[in-house]
Amino acid sequence: MSGVIDVEYELPETVAAETTGACSTLHAWARVPDEPSPTERAALKDKIRRLLKEKNAVMVSHYYVHPDLQDLAEETGGLVSDSLEMARFGRDHAAQTLLVSGVRFMGETSKILSPDKRVLMPDLDATCSLDLGCPEREFAAFCDAHPDRTVVVYANTSAAVKARSDWLVTSSCALDIVRALKDKGHKILWAPDRHLGSYIQRETGADMLMWNGACIVHNEFKAQELEALKLQHPGAKVLVHPESPEAVVALADAVGSTSGILKAASEMDAREFIVATDNGMMHKLRTLNPGKVFIEAPTAGNSATCKSCAHCPWMAMNSLASAARVLEYGLNEIHVDPALGLRARVPIDRMLAFTAALKAGQPAGSLVPQIGAA
Ligand code: 13P
Ligand code: SF4
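Here our numbering is used: the first residue of the sequence shown is 669, the next is one more, and so on.
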């Protein structure tokens, strides 16, 4: 059984344009920095390399940010990865300062896991439609109305929403965790992404009650246009992130998280791939698979909107210039109330323990309590 509740997560553009401090997509796009010239780019990279050493800092970047920020993170001993591995890496690294290029929930998760470290982000207004679409108060009321359900939330949420949950998941481990919960008799309250939630429900058969959130990037992929593109590329395999609509997922040869898509692209025996996820992923896909061709899945079509460009406006706000500036002056530090952080850490630690057990080939299901057990 499932249900939905509606939430407004975006301000109407006319209101957003007049409201200072609000972070609508309109504001986000307006703040995407210009590309630096080759000379500026080289100078900024040098500056960041120097500052990382001077400040005992390490750089952690998401696959969706600008290629410069991905390459520099790897080159300087940091990490480019999905949100799960970013959080784990920051916690385990010896550096005292973490420079997190991505969106706000990623910086907050890092801070919750490493409360004694300084966590800086290039732009604190870089957020996520899933986080914005799941306000703490409404979410708490939803949970209170369904006390018999185990609360599972996606990493793309605020610290307060995490603190209200029993389990945290990312798209790379959600299937395994929900399957284990179902096997132990749990009925689930799921938030915030309804497409990821219903994909997991279809795959596991779990009883899930859904929050009605969506990713403004993945929600824009179009099934009809994808079918037409497949006809033009009959040999291409289709790789889809499960935040995409069901009709798009139905056309996939592989459905996976950011790291799942990377794995499928390197393992599948095809030359061409059509990719339905943020186009920031193309950089890694192309670098790791030089002989293969990657084509963006269509977001344009009869029902397309002006937002249809397959790139997250908030991820795009991260730049070399802002990364250098925050490192130099110690700006844009992430703060999470320590008591809230302790509560929010419980579901994150459960997820990390579960995924570590899975990776080690141990029976991760034993980490999930049986419903009805004393
Ligand atoms: P990952 O958890 O796969 O990194 O995805 C985060 C995200 O924002 C996807 O749109
Ligand atoms: Fe959020 Fe979508 Fe942007 Fe990911 S791509 S950060 S889910 S809005």
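Where a beta carbon is used, it is the ideal one built from N, C-alpha and C, also for glycine.
Computed from a prediction, not measured in an experiment: that's the story for all the values here.
Tell me whether residue i counts as near the ligand SF4, meaning its Cβ is closer than 7 Å to at least one heavy atom of that ligand.
i	result
E753	no
C796	yes
H863	no
Y867	no
H886	yes
W982	yes
E911	yes
V917	no
V771	yes
Express the C-alpha separation of residue j and residue i in angstroms, rounding to a whole number.
i	j	result
P948	V885	Note that residue 948 corresponds to Gly in the displayed sequence, not to Pro. Roughly 11 Å between the two C-alpha positions.
R756	E893	38 Å
T744	L953	20 Å
V1036	V700	42 Å
A933	F941	8 Å
S729	A710	19 Å
S925	A915	17 Å
D851	I868	14 Å
A809	G873	26 Å
S866	M774	24 Å
T693	P1031	42 Å
G959	A938	10 Å
K931	V923	11 Å
E708	L719	16 Å
R870	V908	16 Å
I780	I1002	10 Å
W879	N724	41 Å
M983	A1025	31 Å
P910	N1000	31 Å
A848	P803	27 Å
L836	L737	27 Å
E935	S705	36 Å
W697	D946	15 Å
I963	P981	20 Å
T818	L712	47 Å
At a Cβ threshold of 8 Å, is residue i touching chain C?
i	result
L767	In the structure shown, chain C does not exist; there is a single protein chain.
From the DSSP output, in three-state form, read off residue i for me.
i	result
W697	helix
F941	strand
E776	helix
R717	helix
L956	helix
A828	helix
K723	coil
G1033	helix
T682	Per-residue confidence for T682 stands at a pLDDT of 41, beneath the threshold of 50, marking its modelled position as unreliable; no derived number is given.
D812	helix
Y732	coil
V916	helix
R786	strand
V923	strand
F962	strand
L1026	helix
A1007	helix
S749	strand
G881	strand
Taking 7 Å as the cut-off, is the CB of residue i close to at least one heavy atom of the ligand 13P?
i	result
T926	yes
A944	no
C883	yes
N824	yes
T818	no
H730	yes
E893	no
S840	yes
L750	The sequence given here places Asp at residue 750; Leu does not occur at that position. Yes, Cβ of D750 sits closer than 7 Å to a heavy atom of the ligand 13P.
Three-pair Cβ contact test at 8 Å for the stretch 774-791 versus the stretch 978-996:
For the pair of segments examined, the stretch 774-791 was found to touch the stretch 978-996: the number of CB pairs separated by less than 8 Å reaches three.
When the Cβ atoms of the stretch 1006-1014 are set against those of the stretch 754-771, are three or more pairs found closer than 8 Å?
Too few Cβ pairs lie closer than 8 Å, so no.
Inter-stretch contact (C-beta, 8 Å, three-pair minimum) for the stretch 765-784 and the stretch 731-749:
As far as the Cβ criterion goes, the stretch 765-784 touches the stretch 731-749, which means the pair count is three or higher.
Is there contact here, the stretch 820-832 with the stretch 893-907, by at least three beta-carbon pairs under 8 Å?
Cβ pair count under 8 Å is below three, so no.
May I ask you to verify whether the stretch 796-812 touches the stretch 1009-1025, counting CB pairs closer than 8 Å and requiring at least 3?
Because the criterion of three Cβ pairs below 8 Å is not met, the stretch 796-812 and the stretch 1009-1025 do not touch.
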